[in-house]
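Which chain is which? The protein sequence lines are X and B, in order. Read in order, the letters of the first sequence are residues 364 to 474 in our numbering. Read in order, the letters of the second sequence are residues 14 to 129 in our numbering.
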Amino acid sequence: SQKIEQNSEALNIQEGKTATLTCNYTNYSPAYLQWYRQDPGRGPVFLLLIRENEKEKRKERLKVTFDTTLKQSLFHITASQPADSATYLCANNQAGTALIFGKGTTLSVSS
Amino acid sequence: DTGVSQNPRHKITKRGQNVTFRCDPISEHNRLYWYRQTLGQGPEFLTYFQNEAQLEKSRLLSDRFSAERPKGSFSTLEIQRTEQGDSAMYLCASSGLFSAGGNEQFFGPGTRLTVL
């Protein structure tokens, strides 16, 4: 069955550093990978989407890469700030319908 | 339009009772999704509607669960004979048919259900 894995449950970094989060998928080739941010007690918020034929996508301090050979997506936050502290979810949708989410990685940025 | 809204935000019920949640999507969105999220997990898909048609249901959606979207606008999710294992955050999301080609979804704040 389709599976999305986010290897780290938690990541702690210092303010100003680059945070790198990993998302791996098995048993299929997703058409799209999406990244969402979720704050405690709130619904996920869409951040970035990358298509299978794209290597990289950027938005302000965010960057997503997609390596179909490694079956992996990396999500980077450069010049991280304490306000970036949240849970980041990787998700896939095959046919434009339901999203399959990973468990998420909780990022803590300390000042 | 201020986004997807869900009511109630919190619901505490006793085992065996029925509960109903409501979701109001972004008005121009024709797709509506329900997900369930437990602590430490990502959201898990339950069901989705395109307009008023329920097009897909997860195996997680037992026969105690039913969802409707009359007239293709708001949606309700009902859980009958609640069990303690139903305790979770229930999230609603909506999307437009051709949004970004990859169907990014806009989530509501969720309804937190606690079954005692």
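We put the CB at the ideal spot given by N, CA and C, even for glycine. Quick caveat: nothing in here was measured; it's all calculated off a predicted structure.
Spell out the partners DSSP gives residue 63 of chain B in its beta bridges. Here residue 63 of chain B refers to the residue found at position 50 of the second sequence. For residue 63 of chain B, which the question treats as bridged, DSSP gives the partners B:44, B:66.
Go ahead and pull the three-state DSSP assignment for residue 54 of chain B. Counted from its first residue, the second sequence places residue 54 of chain B at position 41. Residue 54 of chain B: coil per DSSP, three-state reduction.
Could you compute how far the alpha carbon of residue 26 of chain B sits from the alpha carbon of residue 82 of chain B? Locating residue 26 of chain B in the second sequence gives position 13, where the first residue counts as 1. Locating residue 82 of chain B in the second sequence gives position 69, where the first residue counts as 1. Rounded to whole angstroms, residue 26 of chain B to residue 82 of chain B spans 24 Å at the Cα level.
Please look up how many angstroms separate the CB atoms of residue 52 of chain B and residue 61 of chain B, rounded, as I've assumed it's under 8 Å. Within the second sequence, numbered from 1, the residue matching residue 52 of chain B stands at position 39. Within the second sequence, numbered from 1, the residue matching residue 61 of chain B stands at position 48. About 24 Å; that fails the 8 Å criterion.
Taking residue 73 of chain B as part of the beta strand (DSSP E), name the residues at either end of that continuous run. As a position in the second sequence, residue 73 of chain B is number 60, starting the count at 1. Counting along the chain, residue 73 of chain B falls outside any beta strand (DSSP E), and DSSP gives it neither H nor E.
Just to confirm, is the Cβ distance from residue 121 of chain B to residue 406 of chain X under 8 Å? Here the question's residue 121 of chain B lines up with position 108 in the second sequence. Here the question's residue 406 of chain X lines up with position 43 in the first sequence. Taking 8 Å as the Cβ cut-off, residue 121 of chain B and residue 406 of chain X qualify as a contacting pair.
Using a beta-carbon distance below 8 Å, is residue 438 of chain X in contact with chain B? For the purposes of this step, residue 438 of chain X is taken as residue 75 along the first sequence, with counting starting at 1. Cβ-Cβ to chain B under 8 Å: no for residue 438 of chain X.
Rounded C-alpha distance that separates residue 24 of chain B from residue 431 of chain X: On the second sequence, residue 24 of chain B is found 11 positions in, with the first residue counted as 1. On the first sequence, residue 431 of chain X is found 68 positions in, with the first residue counted as 1. Near 43 Å, if we compare the C-alpha coordinates of residue 431 of chain X and residue 24 of chain B.
Listing by chain order, which chain X residues have their CB less than 8 Å from the CB of residue 104 of chain B? For the purposes of this step, residue 104 of chain B is identified with residue 91 of the second sequence, where counting begins at 1. Within chain X, the residues near residue 104 of chain B are 406, 407.
Would you say residue 464 of chain X lies against chain B (beta-carbon separation less than 8 Å)? For this step, residue 464 of chain X is matched to residue 101 along the first sequence. So yes, residue 464 of chain X belongs to the interface.
Thinking just about the alpha-carbon of each residue, which of B:72, B:104, B:45, B:38 is nearest to the one in residue 460 of chain X? Residue 460 of chain X sits at position 97 when you count from the first residue of the first sequence. Among B:72, B:104, B:45, B:38, the Cα nearest to that of residue 460 of chain X belongs to B:45.
Using a Cβ cut-off of 7 Å, which residues of the region 424-453 of chain X contact any Cβ in chain B, in chain order? 452
Interface positions of the region 69-101 of chain B facing chain X (Cβ-Cβ less than 8 Å), listed along the chain: 69, 71
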